[in-house]
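Going letter by letter, the sequence shown gives residues -8 to 260 in my numbering.
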Amino acid sequence: MSSILENRPALREEVEKVAEVAGYLWQKGWAERNGGNITVNITEHIDDEIRNMPAISPVTPIGLTLPELKGCYFYCKGTNMRMRDLARRPMDNGSIIRITDDCAHYEIIADKPVKPTSELPSHLAVHNYLISKGSDYKASVHTHPIELVAMSHCKKFLEKDVATNLLWSMIPETKAFCPRGLGIIPYKLPSSNELAEATIKELGDYDVTLWEKHGVFAVEKDVMAAFDQIDVLNKSALIYIAAKNMGFEPDGMNNEQMREMTVAFNLPK
Ligand code: 13P
Ligand code: ZN
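Below is the structure:
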């Protein structure tokens, strides 16, 4: 069977990046079974031939009306599909969807009618928000990083910016590469519109949000950059836990060291 990716190097590159990241998520132990999902806004790589392609699925409601997404195209992980399978066969474990002109439905156009992730409302609502803000972010990644999810089981870390400041203080690079920190979203039912709305609210101030007792949701220019932000934060969580396991509370960088970093790297306060 021919693939929509054939003779479309830019589109292929985007999908191959998703596959590479899916492999990392599995290797890190963050993607048990079908855990996690990735969507990428690929509209800039869509040509007229693709625009004229007939749908290979029924027109399906999103559950939300998202006016900025009219005529947009997304690569989406399939619901119930495994990241470790997607890593090897992205077009068998994910699909490309088109948002219909009423902005409230999608249809699958390639390569196979793989139903998109159950977290589609959150992902698409976030893409709608990003476009409305004029953002150049195109990718969103939801995954289940063990140490960050573990931290979300402790009330102290769910207070505004407590986890952010702790994680930033573990190693200088964390603030440098995740300068907006970690937004906290109190527990909401997976795949619900309430979770989507809460996520959008936090993305005004943060690139990565922690879904209490569930996982993280990150946005960035591309899927690799979104993965990097999560990886950097989780590395700090690992350092914190390693210190605790050695029997002491880590000092963390002090305020003066944090200030010096912030100035040297020209970071937001
Ligand atoms: P999907 O298999 O539907 O993408 O769901 C995985 C998940 O992590 C839900 O939060
Ligand atoms: Zn999840």
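Note that beta-carbon positions come from the ideal geometry of N, C-alpha and C, so glycine has one too.
Predicted, not measured: the structure shown is a model, and the values here were computed from it.
Q) Hey, would you say the C-beta of residue 206 is under 7 angstroms away from at least one heavy atom of the ligand ZN? A) yes
Contact between the stretch 60 to 68 and the stretch 85 to 99 is defined here as three or more beta-carbon pairs at a separation below 8 angstroms; is this criterion met? yes
Check your understanding: Would you report the Cα separation of residue -8 and residue 222, rounded to the nearest angstrom?
Key -> 36 angstroms
message: What would DSSP say about residue 37, mapped onto helix, strand or coil?
response: coil
Quiz item: In the DSSP assignment, what residue or residues form a beta bridge with residue 98?
Solution: 89
- Query: Where do the N-terminal and C-terminal ends of the alpha helix (DSSP H) with residue 14 fall, by residue?
  - Reply: 0 to 18
- Determine which residues share a DSSP beta bridge with residue 150 and list them. None; residue 150 has no bridge partner.
Apply the 10 Å Cβ neighbour rule to residue 28 and answer buried if 16 or more other Cβ atoms are within range, or exposed otherwise. buried
- Three-state class that DSSP yields for residue 168 in the structure shown: helix
Exercise. Could you name the residues that DSSP lists as bridge partners for residue 133?
Key: 28, 208
- Message: Comparing C-alpha positions only, which one of 18, 121, 81 sits nearest to residue 268?
- Response: There is simply no residue 268 to check, as the chain begins at -8 and stops at 260 in what is shown.
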